[in-house]
Every structure is written in structure tokens, then in C-alpha cells.
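Colleague: Below is a structure I'd like to ask you about.
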Amino acid sequence: MPELPEVETTRRGLATIMPGHVLKQFVIYEPRMRWPVPADMSQKISGCKVLACERRGKYLLINFDHGTQIIHLGMSGSLRRVPLDEPLRKHDHAEWLFDHARFLLHDPRRFGAILWHDAAAGPLAEHPLLAKLGIEPFDPLFTPEYLHRHLQGKTQAIKQALLAGQVVVGVGNIYASESLFRARINPRTAAGTLSLERCRRLAAAIQQTLGDALESGGSTLRDYVNATGQPGAYFTLHASVYEKAGQPCNVCATPIRRIVQGQRTTYYCPKCQRR
Ligand SMILES: [Zn+2]
Numbered sequence: 275m276p277e278l279p280e281v282e283t284t285r286r287g288l289a290t291i292m293p294g295h296v297l298k299q300f301v302i303y304e305p306r307m308r309w310p311v312p313a314d315m316s317q318k319i320s321g322c323k324v325l326a327c328e329r330r331g332k333y334l335l336i337n338f339d340h341g342t343q344i345i346h347l348g349m350s351g352s353l354r355r356v357p358l359d360e361p362l363r364k365h366d367h368a369e370w371l372f373d374h375a376r377f378l379l380h381d382p383r384r385f386g387a388i389l390w391h392d393a394a395a396g397p398l399a400e401h402p403l404l405a406k407l408g409i410e411p412f413d414p415l416f417t418p419e420y421l422h423r424h425l426q427g428k429t430q431a432i433k434q435a436l437l438a439g440q441v442v443v444g445v446g447n448i449y450a451s452e453s454l455f456r457a458r459i460n461p462r463t464a465a466g467t468l469s470l471e472r473c474r475r476l477a478a479a480i481q482q483t484l485g486d487a488l489e490s491g492g493s494t495l496r497d498y499v500n501a502t503g504q505p506g507a508y509f510t511l512h513a514s515v516y517e518k519a520g521q522p523c524n525v526c527a528t529p530i531r532r533i534v535q536g537q538r539t540t541y542y543c544p545k546c547q548r549r
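Numbering (our numbering), first residue to last: 275 to 549.
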């Protein structure tokens, strides 16, 4: 599943190519995504200039002066640059055509989304999909104190509190296991019981883990291709615990353990990450 580093890598790719250019044509080949792609989307944005390519959580935001296209890559999506003459493949659902470049949204499982937020409808941050998102992990306001304050009163396990995305966005399944290992926190610890000191380690671990993945152009998806058409490096190659069940911990050599929390797998070192 594309996680925050993949989405941010895609955004950076788009941001070097789209802004300042007129989108000649936007074409929908398959409107049946997680939610139907609005039928008038092509009319709305074809012939309009892209102002910026931004991101909030795992939503890509393509800004025009009259509104914003909100794109989610779902479970299996990629938005990549392709040669102008490349034939469509199966599962190519939408196309952004510029004079100098062309992009295709490819999504075999169709859990992705392409929606429109009209500028006249109010601030983008109040869009229902964006309004409840937690803080960005690289926002200067995301501090140990912030994390500690927002975990207060939560009885759910810290792993699940991270995945929920309402405290901080972008810590998906891989990054939650890796960050908790780095912070030496047991994934089953009740979120509200973490001390400020442990929140300090966790906040730093989240930023380091996501930062490392971004630096490697990270990807978790086998067929993931970034926005400029280059295959991403696989973050899992650098994982310490994720998908390492039974293998020795790289700190203490204890076998890594696999458990299931809320139907998602978690990996941790039972010795380094005591409760
Ligand atoms: Zn260990």
C-alpha cells in the first residue's frame, strides 16, 4: 500500500512538472473508484493552469485557481509520468495530459479516489476527508509535548493509535512497527500511559523512520513507480522488524515476534520493546 513516503515522493515528482503549466486535457477512463469520479471533472479542469501540487496525509492535492483535485492512491494506486505515446494499460483509470508531459493513474484494486473541492465551497482544510486528519509528522508543531497531550486518555494500543491517523498522519503499518522498534516501545502499550520521555523517543523515531524512507524514495508496493517513472527503492529492504518474524533482532539477536492487532500485523522485538 502506498504510504506517506510514497505519496510524498509522488508529490515531489508532480511538483517539478505540473505547476505553471496548462492541463490540456483530463480524461477519465474508469469512474468507478472508491467513490465515483465526478462526471464533470474533465470539463472543470481541462484548459486550466495547475498552480501547485501539495499533500495532506496521503491525499495528493492538485491546486487550480477555482478549486483542488483531491487524489488518493488507495491500496494499489500509482500516479506516474509516462511517455506521450505510451499505450494505455489495463487499470489505467485517469490521464492528465500537458503539452510537455503526461500522467496516468494506475490502480488495479480501485480503492483510490479522484474528487473535486470547489474553492467556492470554503477552505480546503474543512473538506470532510481532510478535516479530521492529525498533524503532519514534519510539522514543527509535532513535538513530544504535542504527541503526549494528544495520546492522553487513549486506552487503545499505541500501534493502533498511530495507525488511526488522528494524532499524527502518515504512520502506516510498516512505519508504525519500525518507529516503535526504534523508540523501544512495546506496540501493545496503552497509548495514554506513555510518559513524556517515551513520547520524545517516539516522535523522534517517527520522523527518522519516515525521513529515511523519503530519502530512499521509499516504496512498499512491488510495482510502485514514482511520478517521474523511476522504480522506487523498497523501504522494506531497510526494515529492522517489519516482515522479519523469527529473524534475530539487529540489536539483541532475540527472534522478532509477529502479532495481529486490529487485523493488521505488527512486528516487534520482545526484549528491546518490553512494556
Ligand atoms: Zn532486540
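Backbone N, C-alpha and C fix where the C-beta goes; we use that ideal spot for every residue, glycine too. Every value quoted in this text rests on a predicted model; they were computed, and no experiment measured them.
Can you find the residues in the same chain that come closer than 6 Å, C-beta to C-beta, to His-340, ignoring five residues on each side of it along the sequence?
Modeller: Result list for His-340: Ala-393, in chain order.
Colleague: Closer than 7 Å: is that where the CB of Cys-543 sits relative to any heavy atom of ligand 1?
Modeller: The answer is yes for Cys-543.
Colleague: Applying the criterion that 16 or more other CB atoms from any shown protein chain within 10 Å of the CB defines a buried residue, is Lys-364 buried or exposed?
Modeller: Result: exposed.
Colleague: When you measure from the CB of Thr-540 to every non-hydrogen atom of ligand 1, does any distance come out below 7 Å?
Modeller: No, since every heavy atom of ligand 1 falls outside the 7 Å radius drawn around the Cβ of Thr-540.
Colleague: How many angstroms separate the CA atom of Glu-280 from the CA atom of Asp-381?
Modeller: Rounded to whole angstroms, Glu-280 to Asp-381 spans 14 Å at the Cα level.
Colleague: Is the region 347 to 357 touching the region 457 to 477 in the sense that three or more CB pairs, one from each, lie closer than 8 Å?
Modeller: Segments in contact, no.
Colleague: Roughly how many angstroms separate the alpha carbons of Tyr-498 and Tyr-420, rounded to a whole number?
Modeller: For Tyr-498, the predicted model reports a pLDDT of 44, less than 50, meaning its position is unreliable; a value from the coordinates is still stated below. Each residue's alpha carbon lies about 33 Å from the other.
Colleague: Can you tell me whether DSSP reads Glu-277 as helix, strand or coil?
Modeller: Correct three-state label for Glu-277: coil.
Colleague: Only counting the same chain, and skipping five residues up and downstream in sequence, which positions put a Cβ closer than 8 Å to that of Gln-547?
Modeller: Hits under 8 Å: Leu-454, Phe-455, Arg-458, Ile-459, Asn-460, Pro-461.
Colleague: Over the uninterrupted beta strand (DSSP E) stretch that includes His-346, give me the two end residues.
Modeller: Unbroken beta strand (DSSP E) run through His-346: 341 to 346.
Colleague: Starting from Cys-523, trace the beta strand (DSSP E) both ways and give me its first and last residue.
Modeller: First-last for Cys-523: undefined, no H or E at that position.
Colleague: Would you mind working out which of Val-515, Arg-549, Leu-437 sits nearest Gln-537, comparing C-alpha positions?
Modeller: Residue Leu-437 is the option with its Cα nearest to Gln-537.
Colleague: Evaluate Cys-473 with the Cβ neighbour count: other Cβ atoms within 10 Å of its Cβ, from every protein chain shown; 16 or more gives buried, anything less gives exposed.
Modeller: Cys-473 should be labelled buried.
Colleague: Tell me where the beta strand (DSSP E) around Glu-328 begins and ends.
Modeller: 326 to 330 is the span of the beta strand (DSSP E), which, as asked, contains Glu-328.
Colleague: Run the CB neighbour count on Tyr-542, radius 10 Å, all protein chains shown included, and call it buried at 16 or more, exposed below.
Modeller: Burial call: buried.
Colleague: Within the continuous beta strand (DSSP E) that includes Phe-338, where are the two ends?
Modeller: Looking at the DSSP string, the run of the beta strand (DSSP E) that includes Phe-338 is 333 to 338.
Colleague: Considering only C-alpha positions, which residue in the set Ser-514, Ala-375, Ala-399 is nearest to Thr-290?
Modeller: Closest option to Thr-290, Cα to Cα, is Ala-375.
Colleague: Taking 7 Å as the cut-off, is the beta-carbon of Thr-528 closer than that to any non-hydrogen atom of ligand 3?
Modeller: Annotation note on ligand 3: not contained in the displayed structure, which lists ligand 1 as its ligands.
Colleague: Let me check understanding here. Comparing Cα to Cα, which of Leu-476, Glu-471, Leu-425 lies closest to Tyr-449?
Modeller: Out of Leu-476, Glu-471, Leu-425, Leu-476 has the C-alpha closest to the C-alpha of Tyr-449.
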